[in-house]
Amino acid sequence: MPGNLANLPPNGRSKDGLLRQMAQMRHHDADWREGKVFSLVFFAGEEAHEVIREAHALFFAENGLNPTAFPSLRRFETEVVHMSAGLLGSDGRVVGNMTTGGTESILMAVLAAREWAKVHKPNVSAPEIIVPATGHPAFAKAAHYFGVQVVQVPVGVDFRADPVAVETAVTPNTILIVGSAPSYPHGVVDPIPELAAIAQERDILCHVDACVGGFLLPFVRRAGFPVPDFDFTIPGVTSVSADLHKYGYAAKGASVILYRSRELRRYQLFATVDWPGGIYASPTMAGTRPGGTIAAAWAIMQYLGEEGYVNIARQVMETAVTIRQGIAQIPHLTILGDPPASLMAIASATLDIYEVGDEMGLRGWHLDRQHFPASLHLTINYAHVQQAGAFLADLTEVVTLLRRPTLRRVGNRLLLGTAGAATRLLPRRWVSALTGKAAALLGGGGSLPSRSAAMYGMMGTLPNRGDLHDLVLDLLETFTQPETVVEKGFAKEER
Ligand SMILES: *Cc1c(COP(=O)(O)O)cnc(C)c1O
């Protein structure tokens, strides 16, 4: 249409019509309420859901950037941080802030470490952070943003960080040692006391990534299950990240970054007094800070209380134990390492585990694929409490099916839908383009492998991981391109 300068609809639309369309647009989204999706969404039941929805709606317009304008938000954040610090072993001196998620919390911890080192480690010429291989990519992202070097160290056979490898990796440029409680891929808790001791002896910092565990492990322990020490009760731990929007069951966009002391937190803060717009101060990455998520985090903590969280943790753990024991009964499947809580990875020495994932996908279960080694990921939360039996029954059936090679297995039609963790949620033609390019790189002339399992296995063995890296960035670029542009672009490349 000529003159449609902004690509906006030329005229406004009716509220009813567009809300109806949006409701319809959700039909192809993952249905997490059923308890068959194993990551991305954490659900504590309908009533809790209503609490965060309403609390969020009450404050969705407010802005946490200026706490003096909204004393309510300031109080929510202060109390959320205070409650979180108490859960995570504060001696009363731990301080922190809310952020929009685990990534932002980790960015803050790495930034604070870099700024701290400028003052306390003047001889550091090129700051390094030591991150076990299973540490979250947010640390690599922080390094990418802030000009810090990641020194990656392998984990042990139990998939936990290896203190000897970490100690060996320390150099005069090391500013920070990272441990996870637990790590996302295998759900195991790194030996935080050992890692923190290495850091403390050398007067460097130690961050515990409790993004997924921070609002899980304390309650799992109170529910009576054994949990290794991981928090501020350990000398040498200098910062901890914990995500409210995971096992805190808060609305998306809520995490906390905590520091052992005010002095340390100071290195994360930003202020300028030179701007014509006035004096500007901001504690975290975000400028405008959404009031709704801050309010909803406070609300869910008040609504559940310690008792509520412990009850949920108990049920989640009972489900996790049932699933673990059930998997132990299924031949050909194993759990990697010894995860103490409700995250775990399923692997197999005899079956192609991605094929297991494909077949489970056919039965409606969404399991993320992992590699190094190949495995399927489970994050069991309250949404799965009723599902352990059905899950194990399907898993048993799938393994039996895959042991009979003459039977029909997942066909090509699934190929494009389940190509891997990075691509699982994408429209088929995007994955198709990625697959085609990957196949071409491998000398396959663009022909597609026969099954998604084969496809993901192939991605894991691409000769040059730089090629894969570029492929994934290509794909990322297309995410926010209008469909027509994407189709044209890919049509050209595929020809
Ligand atoms: C989820 C997660 C993160 C990142 O958190 P986001 O909220 O996705 O940014 C970091 N570390 C671990 C262990 C996680 O599970």
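Under the numbering used here, think of the first position of the sequence shown as 1, with each following residue one higher.
For every residue, glycine included, the Cβ atom is placed at its ideal position computed from N, Cα and C.
Of the residues 35, 11, 8 and 26, which one's Cα is nearest the Cα of residue 387?
Within the sequence shown, residue 387 is the residue found at index 387, counting from 1. When only C-alpha atoms are compared, the closest one is 35.
According to DSSP, is residue 309 part of a helix, a strand, or is it coil?
The residue you call residue 309 lines up with position 309 of the sequence shown. If DSSP states are grouped into helix, strand and coil, residue 309 belongs with the helices.
Which residues mark the beginning and the end of the alpha helix (DSSP H) in which residue 148 is found?
The residue labelled residue 148 in the question sits at position 148 within the sequence shown. No alpha helix (DSSP H) holds residue 148; DSSP gives it neither H nor E.
So what's residue 139 in DSSP terms, helix, strand or just coil?
For the purposes of this step, residue 139 is taken as the residue at position 139 of the sequence shown. Three-state result, residue 139: helix.
Span of the beta strand (DSSP E) around residue 280
Taking the first residue of the sequence shown as 1, we reach residue 280 at position 280. First-last of the beta strand (DSSP E) with residue 280: 280-282.
Quick one: grab the DSSP three-state call for residue 132.
Residue mapping note: residue 132 aligns to position 132 of the sequence shown, counting from 1. Note: residue 132 maps to strand in three-state DSSP.
Helix or strand or just coil, what does DSSP make of residue 364?
Residue 364 sits at position 364 when you count from the first residue of the sequence shown. Collapsing the DSSP output to three states places residue 364 in coil.
Hey, is residue 191 close to ligand 1, as in C-beta under 8 Å from one of its heavy atoms?
On the sequence shown, residue 191 is found 191 positions in, with the first residue counted as 1. Residue 191 Cβ: outside cutoff for every heavy atom of ligand 1.
Which residue from 281, 272 and 293 puts its Cα closest to that of residue 256?
One-based indexing of the sequence shown puts residue 256 at position 256. Here the closest residue by C-alpha is 293.
For residue 481, is the classification buried or exposed, using 16 other Cβ atoms within 10 angstroms of its Cβ as the cut-off for buried?
Position 481 of the sequence shown, counted from the first residue, corresponds to residue 481. Result: exposed.
Quick one: what does DSSP say residue 179 is sitting in, helix, strand or coil?
Position 179 of the sequence shown holds residue 179. Shown here, residue 179 sits in a strand according to DSSP, grouped into three states.
C-alpha gap between residue 380 and residue 310, whole angstroms:
Working through the sequence shown from its first residue, we reach residue 380 at position 380. Working through the sequence shown from its first residue, we reach residue 310 at position 310. About 15 Å.
Please tell me whether, using a cut-off of 8 Å, the distance from the CB of residue 104 to the nearest non-hydrogen atom of ligand 3 is below it.
As presented, the structure is devoid of ligand 3, carrying ligand 1 as its sole ligands.
C-alpha gap between residue 198 and residue 129, whole angstroms
On the sequence shown, residue 198 is found 198 positions in, with the first residue counted as 1. On the sequence shown, residue 129 is found 129 positions in, with the first residue counted as 1. Spanning the two alpha carbons is a distance of roughly 13 Å.
Would you identify the three-state DSSP class for residue 394, choosing helix, strand or coil?
Mapped onto the sequence shown, residue 394 falls at position 394. Residue 394 falls in the helix class under three-state DSSP.
Roughly how many angstroms lie between the CA atoms of residue 349 and residue 331, to the nearest whole one?
Indexing the sequence shown from 1 puts residue 349 at position 349. Indexing the sequence shown from 1 puts residue 331 at position 331. When rounded, the distance between both Cα atoms is 10 Å.
Top-ranked residue by Cα proximity to residue 266, from 116, 29 and 101:
Residue 266 sits at position 266 when you count from the first residue of the sequence shown. Nearest option by C-alpha distance: 116.
For residue 194 and residue 376, the rounded distance between their alpha carbons
For the purposes of this step, residue 376 is identified with residue 376 of the sequence shown, where counting begins at 1. For the purposes of this step, residue 194 is identified with residue 194 of the sequence shown, where counting begins at 1. Distance between the alpha carbons of residue 376 and residue 194: 29 Å.
Is residue 138 near ligand 1, judged by its Cβ being under 8 Å from some heavy atom?
Mapped onto the sequence shown, residue 138 falls at position 138. True, at least one ligand heavy atom lies under 8 Å from that Cβ.
So residue 239 is in the beta strand (DSSP E); what residue range does that whole segment cover?
For this step, residue 239 is matched to residue 239 along the sequence shown. Its beta strand (DSSP E) spans residues 239-243.
I'd like to know whether the C-beta atoms of residue 138 and residue 211 end up nearer to each other than 9 Å.
Within the sequence shown, residue 138 is the residue found at index 138, counting from 1. Within the sequence shown, residue 211 is the residue found at index 211, counting from 1. Contact flag set, yes.
With the cut-off set at 9 Å, would you say residue 370 and residue 345 are in Cβ contact?
Position 370 of the sequence shown, counted from the first residue, corresponds to residue 370. Position 345 of the sequence shown, counted from the first residue, corresponds to residue 345. Closer than 9 Å, so yes.
Is any heavy atom in ligand 1 found nearer than 8 Å to the beta carbon of residue 245?
The residue given as residue 245 occupies position 245 in the sequence shown. Checking the Cβ of residue 245 against ligand 1 gives yes.
Would you call the stretch 69-82 and the stretch 281-301 in contact, with 3 or more CB pairs under 8 Å?
yes
Return helix, strand or coil for residue 370, following the three-state DSSP convention.
Numbered from its first residue, the sequence shown carries residue 370 at position 370. DSSP places residue 370 in strand when its eight states are reduced to three.
For residue 282 and residue 274, the rounded distance between their alpha carbons:
Position 274 of the sequence shown, counting from 1, holds the residue named residue 274. Position 282 of the sequence shown, counting from 1, holds the residue named residue 282. For residue 274 and residue 282, the distance between alpha carbons rounds to 14 Å.
For residue 126 and residue 152, which I take to be in contact (beta-carbon distance under 8 Å), what is that distance rounded to the nearest angstrom?
Residue 126 sits at position 126 when you count from the first residue of the sequence shown. Residue 152 sits at position 152 when you count from the first residue of the sequence shown. The pair is not a contact, with the Cβ atoms about 16 Å apart (cut-off 8 Å).
Under a Cβ-count criterion, where at least 16 other Cβ atoms within 10 Å of its own Cβ denotes burial, should residue 270 be classed as buried or exposed?
The count along the sequence shown starts at 1 and reaches residue 270 at position 270. Flag for residue 270 reads exposed.
Apply the 10 Å Cβ neighbour rule to residue 402 and answer buried if 16 or more other Cβ atoms are within range, or exposed otherwise.
The residue labelled residue 402 in the question sits at position 402 within the sequence shown. Buried is the call here.
Can you give me the start and stop residues for the alpha helix (DSSP H) that residue 385 sits inside?
In the sequence shown, counting from the first residue as 1, residue 385 sits at position 385. Run containing residue 385: none; DSSP gives neither H nor E here.
Rounded C-beta distance between residue 155 and residue 162? I'm assuming under 8 Å.
By 1-based counting over the sequence shown, the position of residue 155 is 155. By 1-based counting over the sequence shown, the position of residue 162 is 162. Correct: roughly 6 Å between the Cβ atoms.
Residue 417 (DSSP reduced to helix, strand or coil):
For the purposes of this step, residue 417 is taken as residue 417 along the sequence shown, with counting starting at 1. Because residue 417 carries a pLDDT of 35, less than 50, the predicted location of this residue cannot be relied on, and the following value inherits that uncertainty. Residue 417 falls in the coil class under three-state DSSP.
Based on the DSSP secondary-structure assignment, which residues constitute the bridge partners of residue 206?
Stepping through the sequence shown from its first residue, residue 206 is reached at position 206. Answer is 177.
Own chain, CB closer than 7 Å to residue 16, minus 5 neighbours either side, in chain order:
Counting from 1 along the sequence shown, the entry for residue 16 is found at position 16. Contacts found: none.
Check each candidate in 473, 177, 392 and 90 and name the one with the smallest Cα separation from residue 232.
The count along the sequence shown starts at 1 and reaches residue 232 at position 232. Measuring from the Cα of residue 232, the nearest candidate turns out to be 90.
Are the stretch 381-400 and the stretch 314-328 in contact at 8 Å, needing three or more beta carbon pairs?
yes
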